[in-house]
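In my numbering, the protein residues as written are 14 to 1047.
Backbone N, C-alpha and C define an ideal beta-carbon position, used for all residues, glycine too.
Right, one structure below, let's go through it.
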């Protein structure tokens, strides 16, 4: 049965709003005096006479009107004395002349409303004056608040500014509701622009000097508390103060500067939505990086009947200010600013819009039918399907088309939002009918709560065609697959959703995901995907060079994430964890916000992993998944330097699993940095050396091409560990090519210093060598060829050159694909006979097949670069095997002193990585010689066979055989750890599920490497019998 959602009291106020508790005593101010000292300009009268004289000399205003116009400006408009104190006589005269002109224009249009818009901008200060109707946002006006943010408050440089805003107490004339709003911006002059760590929270040190002169002691104390909280907390700090004996309320909001954009102007839209207006507003920026906004709010009397009283709505504004902080400018902000949608409805619609953009462009039944008819093993058929898939996804539902449809159905958005809120909103009352504040009750036009079936029926009735229905139906898909969200957490920095991935079509995603997180922030969007409960994978940040690149990255974001996680699943064959991956895509206008985006992404996911236990800050959330989850993450593209922060942040948030949350952290926190010890490169080298060993090749005589330069982890270590003759390197700065061999000492220097090839000493190139950088235009090469565009040259350089060996150590996914692989094949033979794929997904699978058909000896990413994940897994295992104190003693470097255990453990990790790589290389080589199957296919078959057998072993009762368990674990675990802790102690510390996974993955990998993917049950019996015999010997 439908449920009544809008039960109200006799006075018309939603029931729950009558239950608001009293404001705490320390948040009630005894008088309504301003929190800043008032400015009284003593020279105002004398200045007014000078302005009159100036205007009379100009002659533009009739002489008999000059005094009246000037007096009206000075005395009737309520302009703050700060304006008159700061501005010159000439500027004020010009502003009065502009107002007089506005009157003439209004008279000619027969309008009673004046458009008063005065502005003056300099680098160190600005003044804006505008007409404004209380409680309304003029979307057609100059939008000065946004302009102030663009020019001053959002400034990412070292400059900081103060803002003081005042509203006149009276209207500008008796015929209109208009008042004047004045904005005064001044550049900060800090007491100490560069405070020490000890001084960061001392407001008398980090404040602007003018602020300290003007602020009252009471306001100073309030700001001091807010700033201290901001420094110790993630996200905004929002406080509300009540003025005794008045209806005025003051909201004070603190946050880290640069952590949100256009927040100040968006707050105006928020309180306007509730029928409130501001009398004055302040923005203070401090040299410790904190921004504080203070807003003085009162109700608009003319609108009192339309809105709830301020005594009730102020609490909802405080809650929604946190939501607004996460996404101040959402895709449906115009609908919110105009009052068509509430803030929560608009941000909910924005989140679903992002979801739809990734998951509505599915391929449909026609594609399924076609794929079943065509032969997927036929390269021509596969190419047709690949092109069709790409076109269907690009052309069916564009982002603009999706937005237009959603925008056209605000009432349906409200219905779906109510359904979402009825599940995920927690309050102490917990009844659907009391969801009022979250649903912005005054805007809801329905009198009952519809169930999902009724909403879909209503959707079918309102929409005009199948496309519109599909888009709006996706709201239902989203609602029914959200398992938990931080949408209603009081404090948060981005919106996160834990989704049930069952809605993904099997034809496109044949490997079923275990878990999916979607995170949406003001600077980014991101996913985290995993294929098992216990799973591991890195977090990468994707940047876009231009709008076209961003559009491509946005379309392929989820598929890239899925493929990376799937590759990780195959790569993790030797370790207990399954595959996982996180990808963060920075919005086009926020390419410089990688650190902020990463921190928000991590904190928002932690919101869903930890149980909220701090009322008013981190409350409990609705958890439809109802199982504890732990993610195991690591560094990837653009995140290597952020891992320590994530580890310490998890510890600060109270996560018991902080030690194992991220791998690749610095040794100070017990990490084993992949780049320092070359963990990934060690496994790649085993494949390269294996080829040389099998084919009796001399390393020094091999010519080599490498993508990913000496500045990166893989690129630098590959240079340092190898002895081949480099002829070409392609990196983020451009291309270096020298057919005589790139100067090795210079290359080694760049690798040790981690510098791009743009820093290569050109004097060390041969006469045939050259460097092409991204910004080069019309560059002439030694051959006489002209390169018109350096970026385009770099992007295709990997298809241009010939050598014996290609080792991709960086680059975008599918840089070699079915459309361009022909460039590497000449007369049916691959121009590069050996390829070891170090970078993830650098070569598309169909392109790998083409290369192998042409005779290439190719080893794919999931086999070659698994050293990093092995190192990460063993790093995590150590963190689980030790108590916190023992972990710090044995695995953390203090004052440059490396514990002996750490040194021994790292050395053994390196040995394990090399041994695992050799075992898999030998298995692939053997199986290829035996069956003739392509190596890239054999790699997947081995991975799938190991994963499948691992799961069977864990389901079987082998684990319950304690003697067998002990024998296997003593072989599987690093001997130095066993000697230090002992097996029994390790079993006490490490969760049984993790130990069981270790047991299963070790047996499965060792069996498959020895007997192959197609081995018989008898072979497994023979294999296990060897272990059973060992138990008898114990």
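How far does the beta strand (DSSP E) with residue 309 in it extend, from its first residue to its last? As a first step, residue 309 must be located in the chain shown, where it is residue number 296. 303-312 is the extent of the beta strand (DSSP E) around residue 309.
Below 9 Å between beta carbons: does that hold for residue 548 and residue 699? Translated into the one-based positions of the chain shown, residue 548 becomes position 535. Translated into the one-based positions of the chain shown, residue 699 becomes position 686. 9 Å or more divides the Cβ of residue 548 from the Cβ of residue 699.
Flag this pair as yes or no: are the beta carbons of residue 786 and residue 771 separated by less than 9 Å? In the chain shown, residue 786 corresponds to position 773, counting from 1. In the chain shown, residue 771 corresponds to position 758, counting from 1. It is a contact, given that the beta carbons lie within the stated cut-off.
Beta-carbon contacts of residue 479 that lie in its chain and below 6 Å, excluding the five residues immediately before and after: The sequence position of residue 479 within the chain shown is 466, counting from 1. Answer for residue 479: no residue qualifies.
State buried or exposed for residue 616, treating a residue as buried only when at least 16 other CB atoms are found within 10 Å of its CB. What you label residue 616 is simply residue 603 of the chain shown in a count that begins at 1. Buried is the call here.
Leaving out five residues on either side along the sequence, give the residues of the same chain with a beta carbon under 6 Å from the beta carbon of residue 1049. In the structure as shown, the chain starts at 14 and stops at 1047, and residue 1049 therefore has no counterpart that could be examined.
Buried versus exposed call for residue 337 [16 or more other C-beta atoms within 10 Å across all chains shown]: One-based indexing of the chain shown puts residue 337 at position 324. Residue 337 should be labelled buried.
Who does residue 719 pair with in a DSSP beta bridge? Position 706 of the chain shown, counting from 1, holds the residue named residue 719. Per DSSP, 742, 820.
For residue 842, the residue or residues it bridges with in DSSP: Locating residue 842 in the chain shown gives position 829, counting from the first residue. In DSSP, residue 842 forms a bridge with 839.
Can the beta-carbon of residue 917 be found closer than 9 Å to that of residue 989? For the purposes of this step, residue 917 is taken as residue 904 along the chain shown, with counting starting at 1. For the purposes of this step, residue 989 is taken as residue 976 along the chain shown, with counting starting at 1. A contact, by the Cβ cut-off of 9 Å.
What separation, rounded to the nearest whole angstrom, lies between the Cα atoms of residue 243 and residue 223? The residue labelled residue 243 in the question sits at position 230 within the chain shown. The residue labelled residue 223 in the question sits at position 210 within the chain shown. Computed Cα separation, rounded: 22 Å.
For the region 714-724 against the region 859-870, do three or more pairs of beta-carbon atoms, one drawn from each stretch, fall closer than 8 Å, so that the two count as touching? no
Could you name the residues of the same chain whose beta carbon sits closer than 6 Å to that of residue 708, not counting the 5 residues immediately before and after it, in chain order? Working through the chain shown from its first residue, we reach residue 708 at position 695. Result list for residue 708: empty, nothing under 6 Å.
Look at the alpha carbon of residue 1046 and the alpha carbon of residue 982, and state the distance between them as a whole number of angstroms. Numbered from 1 along the chain shown, position 1033 holds the residue referred to as residue 1046. Numbered from 1 along the chain shown, position 969 holds the residue referred to as residue 982. Whole-angstrom Cα-Cα distance: 16 Å.
What residue does the alpha helix (DSSP H) around residue 298 start on, and which one ends it? Translated into positions along the chain shown, residue 298 becomes position 285. From DSSP, residue 298 is part of no alpha helix (DSSP H) but of the beta strand (DSSP E) over 289-298.
Per DSSP, which one or two residues make a beta bridge with residue 192? Taking the first residue of the chain shown as position 1, residue 192 is located at position 179. BP columns for residue 192 point to 145.
Would you call the region 641-651 and the region 581-596 in contact, with 3 or more CB pairs under 8 Å? yes
For residue 646, the first and last residue of its enclosing beta strand (DSSP E): Stepping through the chain shown from its first residue, residue 646 is reached at position 633. 645-648 is the span of the beta strand (DSSP E), which, as asked, contains residue 646.
Any idea what DSSP makes of residue 542, helix, strand or coil? Numbered from 1 along the chain shown, position 529 holds the residue referred to as residue 542. Note: residue 542 maps to strand in three-state DSSP.
Count the other CB atoms within 10 Å of the CB of residue 257; is the residue buried (16 or more) or exposed (fewer)? For this step, residue 257 is matched to residue 244 along the chain shown. Counting Cβ neighbours within 10 Å, residue 257 comes out exposed, since fewer than 16 surround it.
Do residue 696 and residue 926 have their CB atoms nearer than 9 Å? Here the question's residue 696 lines up with position 683 in the chain shown. Here the question's residue 926 lines up with position 913 in the chain shown. Yes, these two residues count as a Cβ contact at 9 Å.
Span separating the alpha-carbon of residue 524 from that of residue 1008: Start at 1 with the first residue of the chain shown, and residue 524 comes out as number 511. Start at 1 with the first residue of the chain shown, and residue 1008 comes out as number 995. The straight-line gap from Cα to Cα measures roughly 24 Å.
For residue 211, count neighbouring C-beta atoms within 10 Å of its own C-beta (all shown protein chains included) and say buried if the count is 16 or more, exposed if not. Within the chain shown, residue 211 is the residue found at index 198, counting from 1. Exposed, since its Cβ has fewer than 16 Cβ neighbours within 10 Å.
Simplified DSSP assignment, three categories, for residue 756: Residue numbering aside, residue 756 sits at position 743 when the chain shown is read from its first letter. Looking at residue 756 - three-state DSSP - the assignment turns out to be coil, as it is neither helix nor strand.
Among 186, 326, 506, which residue has its Cα nearest to the Cα of residue 127? Within the chain shown, numbered from 1, the residue matching residue 127 stands at position 114. Comparing Cα positions, the closest option is 186.
Starting from residue 509 and walking both ways along the alpha helix (DSSP H), at which residues does that stretch end? Position 496 of the chain shown holds residue 509. Counting along the chain, residue 509 falls outside any alpha helix (DSSP H), though it belongs to the beta strand (DSSP E) covering 508-512.
Looking at residue 344 and the ligand FAD, is the gap between the Cβ and the nearest heavy atom below 8 Å? This structure lacks the ligand FAD, and indeed carries no ligand of any kind.
Assuming contact is defined by CB atoms lying nearer than 9 Å, are residue 294 and residue 275 in contact in what I supplied? As a working mapping, residue 294 is identified with position 281 in the chain shown. As a working mapping, residue 275 is identified with position 262 in the chain shown. No, the Cβ-Cβ distance between residue 294 and residue 275 is not below 9 Å.
Return helix, strand or coil for residue 496, following the three-state DSSP convention. Position 483 of the chain shown, counting from 1, holds the residue named residue 496. It is a strand residue.
Please identify the residue among 226, 262, 106 whose C-alpha is closest to the C-alpha of residue 254. By 1-based counting over the chain shown, the position of residue 254 is 241. Nearest C-alpha to residue 254: 262.
Three-state secondary structure assigned by DSSP to residue 553: By 1-based counting over the chain shown, the position of residue 553 is 540. The answer is strand: DSSP assigns residue 553 an E or B state.
Quick check on the DSSP output: what are the complete alpha helix (DSSP H) runs of length 4 or more inside the region 684-718, in order along the chain? 687-690, 692-708
If we ignore side chains and look at the alpha-carbon of each, how far apart do residue 121 and residue 111 end up? Taking the chain shown and counting its residues from 1, the one referred to as residue 121 is at position 108. Taking the chain shown and counting its residues from 1, the one referred to as residue 111 is at position 98. Spanning the two alpha carbons is a distance of roughly 15 Å.
When you compare the region 312-321 with the region 235-252, are there three or more beta-carbon pairs, one atom per stretch, that lie closer than 8 Å? Cβ pair count under 8 Å is below three, so no.
Based on the DSSP secondary-structure assignment, which residues constitute the bridge partners of residue 529? Translated into positions along the chain shown, residue 529 becomes position 516. Answer by DSSP bridge pairing, in chain order: 512, 542.
Beta-carbon within less than 7 Å of residue 948's beta-carbon, same chain only, minus the 5 sequence neighbours each way: which residues are those? As a first step, residue 948 is located in the chain shown; it is residue number 935 there, counting from the start. Cβ neighbours of residue 948 beyond the five flanking positions: 865, 871, 872, 937, 941.
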